[in-house]
Amino acid sequence: MGCCAQAKHCTAVVADLFDFWQETLLRISGKSKLAVAIRYAVSRRAVFEHFPPAAALSSTTTVERAISSNNSKSFSRAAAAGQTLAAIRNLPQTT
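Last residue of the sequence shown? That's 100 in the working numbering, and every number before it is there in order.
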């Protein structure tokens, strides 16, 4: 799907989402937390309708790679901590 076609598709999806939210507001209590959240989102419709150019989206790969790297490091640290904890628990108790 080309950039323009994708933007048109996304615009239609966002329009459907806002229609759904408007219908939902009519069916739920106006004081509910859901209603507050929907009204907040609806008041920021312009943010939902802004689609960055495809070139801007390609730079997210760098961010995703950094996050993935950090998650791997965190997992390694957590695994090492788990092994240490298991070793400590297996030590004979000397009380």
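Note that CB positions come from ideal geometry on N, CA and C, so glycine has one too. Since this is a predicted model, take the numbers as computed values, not measurements.
- Between L30 and I43, the gap from beta carbon to beta carbon is short of 8 Å.
- Judged by beta-carbon spacing, S34 lies within the 8 Å limit of A40, meaning their Cβ atoms are closer than that value.
- Assigned with DSSP and collapsed to three states, I43 falls in helix.
- Apart from the 5 residues on each side of it in sequence, F23 sits with its Cβ closer than 8 Å to the Cβ of V47, R50, F53 in its chain, given in chain order.
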